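Undergrad:
There are 2 protein chains.
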Amino acid sequence: MERHVYFVSDGTAITTEVFGHALLSQFPVKFKQFTEPFVDNERQVSRVLDKISRSFITTGQRPLVFHTVVDTRLRALFDEGDGICYDILSTFVTPLEAQLGVKAEPKIGRSHGMMDDAYHHRIEAVNYAMANDDGAVTKYYSDADIILIGVSRCGKTPTSLYLALQYGIKAANYPFTEEDMDHLKLPSALKDHKHKLYGLVIDPDRLAQIRNERAPGTRYASLRQCRLETKEVELMFQKERIPYLNTTRHSVEEISAHILQDTGLERHKY
Amino acid sequence: MERHVYFVSDGTAITTEVFGHALLSQFPVKFKQFTEPFVDNERQVSRVLDKISRSFITTGQRPLVFHTVVDTRLRALFDEGDGICYDILSTFVTPLEAQLGVKAEPKIGRSHGMMDDAYHHRIEAVNYAMANDDGAVTKYYSDADIILIGVSRCGKTPTSLYLALQYGIKAANYPFTEEDMDHLKLPSALKDHKHKLYGLVIDPDRLAQIRNERAPGTRYASLRQCRLETKEVELMFQKERIPYLNTTRHSVEEISAHILQDTGLERHKY
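Sequences listed follow chains A and B, in order.
Those letters in the first sequence? Residues 1388 to 1657, per the working numbering, in order.
Those letters in the second sequence? Residues 1388 to 1657, per the working numbering, in order.
1) Does A/Q1413 pass the burial test, meaning 16 or more other C-beta atoms within 10 Å, or should it be called exposed?
2) Which runs of the beta strand (DSSP E) fall wholly inside the stretch 1407–1485 of chain B and span at least 3 residues, in chain order?
3) According to DSSP, simplified to helix, strand and coil, what is A/G1586?
4) Of the residues that make up the stretch 1392–1415 of chain A, which ones have a beta carbon closer than 7 Å to any beta carbon in chain B?
5) Determine, for A/L1548, whether the minimum Cβ-Cβ distance to residues of chain B falls below 8 Å.
6) Going by beta-carbon coordinates alone, are A/I1471 and A/R1449 separated by less than 8 Å?
7) Using the beta-carbon of each residue, which ones in chain A are nearer than 7 Å to B/S1498?
8) Within the same chain, show all residues whose beta-carbon is closer than 7 Å to that of B/P1493, passing over the 5 residues directly before and after it, in chain order.
9) How many whole angstroms separate the CB atoms of B/L1411 and B/F1418, which I take to be in contact at a CB cut-off of 8 Å?
10) Measuring only between beta-carbons, confirm whether B/M1517 sits less than 8 Å from chain A.
11) Please report the straight-line C-alpha distance between A/I1597 and A/R1430, rounded to a whole angstrom.
12) Mind listing, in chain order, the continuous alpha helix (DSSP H) runs of no fewer than 4 residues lying wholly within the stretch 1514–1587 of chain A?
13) Which residue marks the beginning of the alpha helix (DSSP H) containing A/H1645, and which one marks its end?
14) Would you decide whether A/K1583 is buried or exposed? Buried here means 16 or more other CB atoms lie within 10 Å of its CB.
15) What residues from chain B crowd round A/I1589, counting only those whose CB sits closer than 7 Å?
16) Between the Cα of B/S1477 and those of B/L1577, B/L1615, B/F1453, B/S1529, spot the shortest distance and give me the residue it belongs to.
17) Should A/Q1625 go down as buried or exposed, given a rule of 16 or more other Cβ atoms within 10 Å for buried?
18) In chain order, what residues of the stretch 1621–1639 of chain A put their CB closer than 9 Å to some CB of chain B?
19) So, using beta-carbon positions, are A/L1552 and A/V1513 closer together than 8 Å?
20) With burial defined as no fewer than 16 other Cβ atoms inside 10 Å of the residue's Cβ, what is the status of B/L1622: buried or exposed?
21) Count the other CB atoms, across all protein chains shown, that sit within 10 Å of the CB of B/S1433; report buried if there are 16 or more and exposed otherwise.
22) Residues of chain A with CB closer than 7 Å to the CB of B/R1654, please, in chain order.
23) Look at the Cβ atom of B/I1439, then the Cβ atom of B/D1397, and state whether they are nearer than 8 Å.
24) Near B/F1563, what residues of its chain come up, given a Cβ to Cβ distance below 6 Å and the 5 sequence neighbours on each side ignored?
25) Where does A/S1498 land, buried or exposed, given buried means 16+ other C-beta within 10 angstroms?
26) Which two residues bound the contiguous alpha helix (DSSP H) that contains B/R1611?
27) Where do the N-terminal and C-terminal ends of the beta strand (DSSP E) with B/E1390 fall, by residue?
28) Taking the straight line between their C-alpha atoms, what separation do you get for B/A1518 and B/M1568?
29) In the structure shown, what three-state DSSP assignment does A/Y1506 receive?
30) Any beta carbon from chain A within less than 8 Å of B/E1492's own beta carbon?
31) I'd like to know if B/V1435 contacts chain A, where contact means its C-beta is closer than 8 Å to some C-beta of that chain.
32) When you compare the CB of A/P1450 with every CB in chain B, is at least one pair closer than 8 Å?
33) 8 Å is my cut-off, CB to CB: does B/M1388 come that close to chain A?
34) Drop a sphere of 10 angstroms on the beta-carbon of B/R1628, count the other beta-carbons inside from all chains shown, and report buried for 16 or more, exposed for fewer.
35) Nearest to B/V1435 by CA position, among B/S1609, B/F1406, B/D1466, B/R1611, is which residue?
36) Between the alpha carbons of B/A1559 and A/G1488, how many angstroms are there, rounded?
And the structure:
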């Protein structure tokens, strides 16, 4: 029977989820996960405690409860329930208070709200990424923080969106197409912003696999075409001294982290 | 002088960033934050320790270091440096081992990789959200997990993308435009998928502000027009019994968490 795990928060529960997931991924155990956001009053606490009790009855094991509930009274209610509670933030608050010489001022749901400038930045960046996706428009590249370039389906669009949503970075992206491949050179729209260019490359086998999911049996998806395009583009990146990353075995999170590290672009934190 | 803080990881450092940010946001202190991903060998550790030392010299205060470095040898090197180290995962590993009755098997960078099915789901969902943004295409709504509806600029697009990127949820979105406003009713493309509809509403003042940033002085951005549209759409949601949320004071993270809670849609976790 899978062990049941609850991620509980008085806010979005994103912090609890991310942290709990990282922690549990270290264990060779199957978990069934439940996320309970906005638990900020007694009625909500009762509702979640009932679910936890039912999990206990169903599985015969006390559910694990990772929480970031700020209200000490509500927190105490959880401790009396059937779950095994891990209060993930408070553990570090006391040593940090000592270190910083100030008292914490916990507020509900502060971590993923829209109170600060960074939030505005992020939404602006999402709008920018949408409007400047796939090379459709090139005239706003002077506003870009970065321009991702590469062959079709190498990961440019999801990475642009991730950089925008998570870090408020304005990322345009531009694809090289089949027609560009004879004597591939940097289009003038890109040449003007060469210091902003960042290349993504991908292994031809993986590219062919991805393209075949969308356009099975086409020349576009053929291994031959994928080999040609990936080779041409990588040679061009080398010749033009454009920094680039192979995305084949990387998630968008990893690609983004590499890009930020390589470019030194500033994160606009939420 | 701002206290310097380092988020260090052998992976993307996303877990460390999210956790550290949530923790630090409880303190009425200004921090200068540095993120150091992919610190998985001695050379990388030395590089980061040098930066930490320079921070110590510049600020006169020992930097805070939040890390999730798995390799015990590398971890020991950090402990000998000039930072004050908080090993955020290990703190919980021992009690969890006792509770689960199994030893942890920490692996580097496991939390934000692309090893599982959920990753594929997420990228598929991003492609879906892009292709089905802004009501341009309605014929793929049978594939949608959810269809967000509302007036132009109420938050549909960023929310669709967030649901896709973070949770692998296929979210289409459909805008009601000025032309729809006389005798507003549900278009037939939406009627066929009524159980998937979720409305977003927004206060007219805030809507006018957002629209004025994009199209200053237009009728589209006028408070009068914004009042008309928001009122019409909310009445329609009520008449048609479509669940809806006011986004005015909510971030995309909060909107998404509310939607998941209201609809019970399943998260495809990374």
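Glycine residues also receive a C-beta, built at the ideal position from the N, C-alpha and C atoms.
These numbers come from a predicted model, not from an experiment.
TA: Based on what the coordinates show:
1) buried
2) 1418–1423, 1451–1454, 1471–1474
3) strand
4) T1399, A1400, I1401, T1402, V1405, F1406, H1408, A1409, L1410, S1412, Q1413, F1414, P1415
5) yes
6) yes
7) H1408, A1409, S1412
8) V1457
9) 6 Å
10) yes
11) 47 Å
12) 1543–1554, 1575–1578
13) 1639–1650
14) buried
15) Within 7 Å Cβ-Cβ: nothing; A/I1589 doesn't reach chain B, min ~13 Å.
16) B/F1453
17) exposed
18) R1636, H1637, S1638, V1639
19) yes
20) exposed
21) exposed
22) T1422
23) no
24) V1538, V1620
25) buried
26) 1610–1627
27) A small fix is needed here, since residue 1390 of chain B is Arg in this sequence, not Glu. Run containing B/R1390: 1390–1395, per the beta strand (DSSP E) assignment.
28) 25 Å
29) helix
30) yes
31) no
32) no
33) no
34) exposed
35) B/D1466
36) 49 Å
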